[in-house]
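Trainee:
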Amino acid sequence: MPRKGRDRETMIIIGAGLGGLSTGCYAQMNGYRTQIFEMHETPGGCCTAWDRGDFTFDCCVSWLLGNGPGNEMHQIWLELGALQGKQMRHFDVFNIVRGRDGRAVYFYSDPDRLEAHLLEISPADAKLIRQFCSGLRKFRKCLASYPFLKPVGLMGHAERWRMLASFVPYFNVIRKSISTLMTDYSAEFSDPLLREAFNFVLYEKHSAFPVLPFYFQLAAHANLSAGVPEGGSLGLATSIEQRYLRLGGEVTYNAKVEEILVEGDRAVGVRLTDGQEFRSDIVVSACDGHTTTMKLLGGRYLNDEYRRLYTTVIDEPGMVFPGYVALFLGLRRPFPEGDPCTTYLLTEEEAAQFVGIRHPSINVQFRSLHYPELSPQRTTVIYATYFSDIDPWRALSAGPEQRTRSRGGKELHTLPVRRGREYYDAKHQVRDALLGFLDRRFTGLRDSVAVRDLSTPLTQVRYTGNYDGTVLGWQPFVESGEAMEEAVKKYGPTLPGLENFYISGVWATTGGLIRAAAAGRHVMQFVCRDDGRTFTAHNDETGPPPTHVVIPVGPHGKDGNPDERRTGAAPVSVHVR
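In the numbering used here, each residue's number is its place in the sequence shown (first place is 1) plus 48.
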């Protein structure tokens with residue numbers, strides 16, 4: 049609730065990831081004066097990239113929900129100035145899953161092409177294939193009904209009824225897809241490759257996911273609203289940062305918050321690691337949720353629900369998204385046989401070489417197909433990843449997970465730290481195993497490497513402070529995500545008993561970048577409600593609308609032979625409404 053006796057006008061936001069930047073943009077649109085403190089030197093948090101020689105390694109956006117119109121997600125990106133003036137790229141295949149026997153499943157997002165392709169692979173599974181593709185067709189129409197602009201907790205009765213009524217035509221497909229785990233659904237296929245491959249449509253295996261999120265992502269992709277934006281992840285974050293600055297906001301980098309200042313059960317500001325204190329009427333934390341609650345606030349203001357979440361549930365298996373091991377390779381020459389995105393299923397012997405691996409698979413992206421502007425012409429960037437537990441890496445690490453050091457009179461908080469020989473030996477082992485795996489499939493790859501870079505979940509901790517190196521925070525469809533969503537419905541994005549404090553970003557929701565961006569909009573709607581203001585938002589008009597291009601990837605021809613590749617086909621510009 050607002051401070052008694054005067055209106056709230058100033059706001060401090062912790063973290064310049066997409067949640068923090070979004071919160072700042074919407075706060076400025078609604079007349080608040082804001083300052084963001086970010087411990088890193090660049091905006092974006094997990095939505096970032098870095099340079100190695102002539103190559104830029106982009107580690108986040110493989111698909112961006114809402115990058116095309118026809119849904120409320122798109123409106124948020126336009127309000128944040130994220131897409132204006134950029135080309136949106138859409139591949140006609142969402143992901144390829146290659147089995148251990150060399151066979152491949154091309155997961156077209158277009159349900160007609162997907163159905164034809166799957167039937168060629170396994171006519172015996174015709175009933176299940178047609179059922180899945182029928183559901184996908186319905187979800188393509190359903191996406192326009194999904195609410196992103198306003199939190200359900202702030203909707204009036206009439207708004208809720210209208211929202212629910214819009215879902216009525218899709219009730220059965222939603223009910224069935226949210227109540228059936230993909231692991232159970234895929235087990236019904238008679239073809240062994242399809243039985244396994246369906247679990248890896250979304251690149252890695254998500255054991256707790258029902259069928260619904262698979263439908264959602266594929267449907268958005270089919271509607272040309274889940275491609276990639278020109279300029280990549282850091283380009284996306286920088287565009288939103290510039291929108292925030294044009295709105296009058298202020299960002300302070302290399303500024304790590306050590307404590308949220310509280311007086312009389314009211315958040316009144318922050319203290320940085322260098323001892324400086326800054327005061328404000330409102331404090332919003334858009335950084336790591338565990339750091340916020342247990343460190344910056346010292347474990348205070350956690351009721352029974354939140355205390356259980358942040359002290360018990362968070363450490364149970366599968367409650368937060370895992371971190372990644374990621375290998376980037378900058379190659380001196382093109383590899384036209386490479387695909388934008390492929391998940392390879394591994395043998396037990398292959399998987400044993402990868403420290404911390406959760407499932408026997410790796411995802412390999414020829415990233416220069418996504419972002420050709422981020423590497424020199426006639427070169428290639430490869431991005432190879434796998435879900436990884438952090439504990440095996442911690443067991444090998446001898447150094448601190450984060451360190452603050454001074455350079456040129458300025459405190460820096462994300463510089464490399466020494467972790468010990470065992471840790472680096474393990475990194476070299478994984479790097480060499482991944483290089484060997486790729487070299488066996490792409491002749492001459494090892495000899496063409498110009499630069500390389502391998503990160504682990506501990507690298508993520510160093511750069512962002514995220515709990516156990518997670519990228520997305522709470523897992524949806526399990527106890528943690530469901531408990532958090534119920535708490536937000538009950539209390540809003542706040543901690544009971546602490547006034548003038550709000551939580552934004554992925555720890556106030558579940559999901560990826562669009563959820564983080566939407567969280568900033570939602571938080572500001574709660575703030576405006578508490579202050580008796582009418583929330584307002586408007587599009588960024590400083591650039592033209594985005595353009596769209598579709599890039600052919602998959603096999604073609606009557607027999608669907610994967611060897612008949614469309615590598616020579618040119619991208620097709622399309623007008624998307």
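Glycine included, every Cβ here is placed at the ideal spot set by N, Cα and C.
Looking only at its chain, what residues have a beta carbon closer than 8 Å to the beta carbon of Gly-101, apart from the 5 residues adjacent to it on each side?
Mentor: Here Gly-101 has Gly-378, Ala-498, Val-499 as same chain residues with Cβ atoms under 8 Å from its own Cβ, once five neighbours each way along the sequence are excluded.
Trainee: Expressed to the nearest angstrom, what Euclidean distance is found between the alpha-carbon atoms of Thr-558 and Ala-192?
Mentor: Taking the straight line joining both Cα atoms gives about 19 Å.
Trainee: Only counting the same chain, and skipping five residues up and downstream in sequence, which positions put a Cβ closer than 6 Å to that of Ala-628?
Mentor: The shown model of the chain, from 49 to 625, leaves out residue 628, and the question about it has no answer.
Trainee: Alpha carbon to alpha carbon, how far is Ala-256 from Ile-226?
Mentor: So the alpha carbons of these two residues sit roughly 11 Å apart.
Trainee: Which runs of the beta strand (DSSP E) at least 3 residues long sit entirely within the region 386 to 471? Give them in chain order.
Mentor: Counting whole runs of 3 or more residues, the region 386 to 471 contains the beta strand (DSSP E) stretches 390 to 393, 409 to 414, 428 to 436, 453 to 455, 458 to 460.
Trainee: One question on the structure: do Thr-300 and Ile-562 come within less than 9 Å of each other, judged by their Cβ atoms?
Mentor: no
Trainee: Counting pairs of Cβ atoms below 8 Å between the region 178 to 188 and the region 259 to 268, do you hit three or more?
Mentor: yes
Trainee: Name the DSSP bridge partner or partners of His-138?
Mentor: Note: His-138 sits in a beta bridge opposite Val-598.
Trainee: Identify whether Asn-143 lies in helix, strand or coil by the three-state DSSP scheme.
Mentor: strand
Trainee: How is Asp-363 classed by DSSP in three states: helix, strand or coil?
Mentor: helix
Trainee: Quick one: what's got a C-beta closer than 7 Å to Phe-525's C-beta in the same chain, skipping five residues either side?
Mentor: Excluding residues within five positions, the ones whose Cβ falls inside 7 Å are Ala-256, Phe-257, Pro-258.
Trainee: Please identify the residue among Glu-325, Lys-343, Tyr-511 whose C-alpha is closest to the C-alpha of Gly-371.
Mentor: Tyr-511
Trainee: So does the region 548 to 557 actually touch the region 103 to 111, counting three or more Cβ pairs closer than 8 Å?
Mentor: no
Trainee: Quick one: any contact between the region 503 to 518 and the region 330 to 342, if contact means 3 or more CB pairs under 8 Å?
Mentor: A contact exists between the region 503 to 518 and the region 330 to 342.
Trainee: Among residues of its own chain, excluding the 5 on either side of Phe-369, which ones have a beta-carbon nearer than 7 Å to its beta-carbon?
Mentor: Thr-518, Val-519, Leu-520, Gly-521, Gln-523
Trainee: Kindly identify the DSSP beta-bridge partner or partners of Tyr-511.
Mentor: According to DSSP, residue pairing for Tyr-511 in a beta bridge does not occur.
Trainee: For Arg-56, does the three-state DSSP call read helix, strand or coil?
Mentor: Looking at Arg-56 - three-state DSSP - the assignment turns out to be coil, as it is neither helix nor strand.
Trainee: Could you tell me if Ala-235 is buried or exposed, where buried requires 16 or more neighbouring beta carbons within 10 angstroms of its beta carbon?
Mentor: exposed
Trainee: How should Gln-324 be labelled, buried or exposed, when 16 other C-beta atoms within 10 angstroms of its C-beta is the threshold for buried?
Mentor: exposed
Trainee: When the Cβ atoms of the region 565 to 575 are set against those of the region 68 to 76, are three or more pairs found closer than 8 Å?
Mentor: yes
Trainee: Taking the beta carbon of Phe-383 as the centre, do at least 16 other beta carbons fall within 10 Å, making it buried, or is it exposed?
Mentor: buried
Trainee: Which residue comes first and which comes last in the alpha helix (DSSP H) that contains Gln-83?
Mentor: Unbroken run through Gln-83 is the beta strand (DSSP E), 81 to 85; no alpha helix (DSSP H).
Trainee: Exposed or buried, what is Tyr-472 when buried is set at 16 or more other beta-carbons lying within 10 Å of its beta-carbon?
Mentor: exposed
Trainee: Inspect the beta-carbon positions of Glu-89 and Thr-462 and report whether they are closer than 9 Å.
Mentor: Against a cut-off of 9 Å, the Cβ pair of Thr-462 and Glu-89 comes out as a contact.
Trainee: Grouping DSSP H, G and I as helix and E and B as strand, with all else coil, what is Tyr-194?
Mentor: coil
Trainee: Since Cys-95 contacts Leu-284 with CB under 8 Å, what's their CB separation in whole angstroms?
Mentor: 6 Å
Trainee: Under a three-way DSSP split, which group does Ile-61 fall into?
Mentor: strand
Trainee: Per DSSP, what are the beta-bridge partners of Tyr-156 in this structure?
Mentor: Val-141
Trainee: Under a three-way DSSP split, which group does Thr-582 fall into?
Mentor: Three-state DSSP puts Thr-582 in coil, outside helix and strand.
Trainee: Per DSSP, Glu-325 forms a beta bridge with which residues?
Mentor: Arg-319
Trainee: Using the beta-carbon count (16 or more within 10 Å), is Ser-273 buried or exposed?
Mentor: buried
Trainee: According to the neighbour-count rule (16 or more other Cβ atoms, all chains shown, within 10 Å of its Cβ), is Lys-253 buried or exposed?
Mentor: buried
Trainee: Which residue from Met-203, Gly-93, Thr-391 puts its Cα closest to that of Gly-150?
Mentor: Thr-391
Trainee: Beta-carbon within less than 7 Å of Pro-619's beta-carbon, same chain only, minus the 5 sequence neighbours each way: which residues are those?
Mentor: Non-local C-beta neighbours of Pro-619 in its own chain, meaning closer than 7 Å and more than five positions away in sequence, comprise Val-597, Val-598, Ile-599, ordered along the chain.
Trainee: Quick one: is Glu-470 buried, meaning 16 or more other Cβ sit within 10 Å of its Cβ, or exposed?
Mentor: exposed
Trainee: Lys-538: buried (16+ other C-beta within 10 angstroms of its C-beta) or exposed?
Mentor: A residue is called buried once 16 or more other Cβ atoms fall within 10 Å of its Cβ, and Lys-538, having fewer, is exposed.
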